[in-house]
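Please read the structure below before turning to the comments.
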Amino acid sequence: MDGDTIHALVYALAEEVALPAKALFEAIYVALLDQPRGPRIGWFLSSLDHDFVCTRLHDTAMLEG
Numbered sequence: 005m006d007g008d009t010i011h012a013l014v015y016a017l018a019e020e021v022a023l024p025a026k027a028l029f030e031a032i033y034v035a036l037l038d039q040p041r042g043p044r045i046g047w048f049l050s051s052l053d054h055d056f057v058c059t060r061l062h063d064t065a066m067l068e069g
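Residue numbers (my numbering): 5 to 69.
Written out as structure tokens, the structure is:
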């Protein structure tokens with residue numbers, strides 16, 4: 005999946021769960037980079053290993069859950 009598609013999906017997810025996009029982006033960056041900001045989210049996520057991203061987000065959600 006290309007970066008633009010992933011970027012659009014992140015925005016769509018934020019809308020679907022009624023969360024400001026900025027908050028979702030920040031949560032993803034903190035989970036992956038341990039900082040609230042980072043590179044353009046779609047291209048950043050597309051550059052990472054899919055399994056790594058899924059595992060990291062899942063593990064972070066379990067810690068916060």
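Ideal Cβ positions, reconstructed from N, Cα and C, are used throughout, including at glycine.
The structure presented is a predicted model; accordingly, all values stated were derived computationally and were not measured.
Spatial neighbours of residue i in its chain, beta-carbon cut-off 8 Å, leaving aside the 5 residues before and after
i	result
Val57	Leu36, Leu49
DSSP three-state assignment for residue i, whether helix, strand or coil
i	result
Met5	coil
Arg41	coil
Ala16	helix
The alpha helix (DSSP H) enclosing residue i, as first and last residue numbers
i	result
Leu36	25-37
Val57	54-68
Own chain partners of residue i with C-beta closer than 6 Å, once the 5 adjacent residues on each side are dropped
i	result
Leu61	Ala35
Ala25	Tyr15, Ala18
Own chain partners of residue i with C-beta closer than 7 Å, once the 5 adjacent residues on each side are dropped
i	result
Arg41	Tyr33
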